[in-house]
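J.:
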Amino acid sequence: MEYRELAIFRDITNEEVESMIHCFRMRRAWFEAGQTICTYGESGGEVGVLIRGQAVLVRFDYAGNRTILEQVEAGSVFGEVLAFTPELGDCVEVVSVGDSEVLFMEYDHLMKRCENACAHHSKLVQNMFRLVAEHTRRLSCRVEVLSRRNIREKLQCYFRLCRLEAGTDAFTLPFTLSALADYISTDRSAMMRELKKMKEEGLVRIEGRTVTWRDGAGATGCS
105 MEYRELAIFR DITNEEVESM IHCFRMRRAW FEAGQTICTY GESGGEVGVL
155 IRGQAVLVRF DYAGNRTILE QVEAGSVFGE VLAFTPELGD CVEVVSVGDS
205 EVLFMEYDHL MKRCENACAH HSKLVQNMFR LVAEHTRRLS CRVEVLSRRN
255 IREKLQCYFR LCRLEAGTDA FTLPFTLSAL ADYISTDRSA MMRELKKMKE
305 EGLVRIEGRT VTWRDGAGAT GCS
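Below, the structure written as structure tokens:
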């Protein structure tokens, strides 16, 4: 595969990646849809690199309620050392969506100074910090969505953010509508009723995962 197509290995050749896999003693693992890739609190000091497929970072609270915290795309990195330690008994997991392939490495191997002063090691660290910055930006956007007062405002805010990122009124949701309800932390049935009203008002058109958003300039939500 072409590793350089993945954000974490940007500007690093396939040969250099294979060298790092050996040097860092990375382990490779494969997962099917619904399988747990790792559980925060049990993963220790490992960092995961999603090589192929898609995953979600989900939280289960003490009552068993499920919330999607983040979408994990191919090339992304994840791990407890890059995020947080679950509090209040919550369980935080990375769960595979479809078939996926992951490389695991020890965080210490990643961050310690390379004995050979390899240029590609420095590039990997630079790419890591770039991805962590992007991770922080996405979480900031999610806080913006969750800060809205009701379901409609949450949907409006999320759709505006998606439209801004896509650069067009039509964009593809990264997950199903059921998962969207988890993402904005609301009841699925209540969200579907609100979406139906918004469709009737001509604000939104949804075909599968494709959304076309046509809100007016003065509508409530993210600006």
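Per the working numbering, numbering through the sequence shown is continuous, rising by one, with the last residue being 327. All C-beta atoms in this analysis are idealised placements derived from N, C-alpha and C, irrespective of residue type, glycine included.
#1: So the beta strand (DSSP E) Glu-177 belongs to, where does it begin and stop?
#2: Residue ranges of each beta strand (DSSP E) run of no fewer than 3 residues wholly in the region 273-300, ordered along the chain?
#3: Mind checking which residues open and close the alpha helix (DSSP H) that includes Gln-260?
#4: In this structure, does DSSP put Met-130 in helix, strand or coil?
#5: Assign Ala-111 to one of three DSSP states: helix, strand, or coil.
#6: At a cut of 8 Å, does the region 146-155 reach the region 174-185 through at least three beta carbon pairs?
#7: What first and last residue would you give for the beta strand (DSSP E) that runs through Asp-203?
#8: Could you give the DSSP three-state label for Cys-222: helix, strand or coil?
#9: Considering Arg-156, what are the terminal residues of the beta strand (DSSP E) in which it resides?
#10: On the three-state DSSP scale, how would you describe Arg-309?
#11: Got a sec? Which residues, its chain only, sit under 8 Å from Arg-156 by beta carbon, not counting five neighbours each side?
#12: Could you say which of Val-308, Ser-244, Phe-233 and Leu-214 lies nearest to Gln-260 if we only look at CA atoms?
#13: Buried or exposed: Arg-132, going by 16 or more other Cβ atoms within 10 Å of its Cβ?
#14: Buried or exposed, going by whether 16 or more other CB atoms sit within 10 Å of the CB of Arg-246?
#15: Secondary structure at Ala-321, three-state DSSP: helix, strand or coil?
T.: Checking against the coordinates, here is how it stands:
#1: Here the question's residue 177 lines up with position 73 in the sequence shown. 170-177 is the span of the beta strand (DSSP E), which, as asked, contains Glu-177.
#2: 274-276
#3: Counted from its first residue, the sequence shown places residue 260 at position 156. Looking at the DSSP string, the run of the alpha helix (DSSP H) that includes Gln-260 is 255-270.
#4: Here residue 130 refers to the residue found at position 26 when the sequence shown is read from its first residue. Correct three-state label for Met-130: coil.
#5: Looking up residue 111 in the sequence shown gives position 7. Ala-111: helix per DSSP, three-state reduction.
#6: Taking 8 Å as the limit for Cβ pairs, the verdict is that the region 174-185 does touch the region 146-155.
#7: Here residue 203 corresponds to residue number 99 of the sequence shown, with the count starting at 1. It spans 195-210 - the beta strand (DSSP E) in which Asp-203 sits, taken as one unbroken run.
#8: Here residue 222 refers to the residue found at position 118 of the sequence shown. Of the three classes helix, strand and coil, the one that applies to Cys-222 here is coil, per DSSP.
#9: Along the sequence shown, read from residue 1 onward, the residue named residue 156 stands at position 52. Counted as a single uninterrupted DSSP element, the beta strand (DSSP E) harbouring Arg-156 occupies residues 150-164.
#10: Mapped onto the sequence shown, residue 309 falls at position 205. Strand, per DSSP.
#11: By one-based count along the sequence shown, residue 156 stands at place 52. Excluding the 5 residues flanking it on each side, Arg-156 has same chain C-beta neighbours closer than 8 Å at Met-105, Ala-178, Asp-203, Ser-204 and Glu-205, in chain order.
#12: In the sequence shown, the residue the question calls residue 260 occupies position 156. Minimum Cα distance to Gln-260 is reached at Val-308.
#13: The residue you call residue 132 lines up with position 28 of the sequence shown. Burial call: exposed.
#14: Walking along the sequence shown from the start, residue 246 turns up at place 142. It is buried - the Cβ of Arg-246 has at least 16 other Cβ atoms within 10 Å.
#15: By one-based count along the sequence shown, residue 321 stands at place 217. Any reading at Ala-321 must be qualified, since the residue scores a pLDDT of 39, below 50, and its modelled position is unreliable; the value itself is stated next. Reduced to three states, the DSSP call for Ala-321 is coil.
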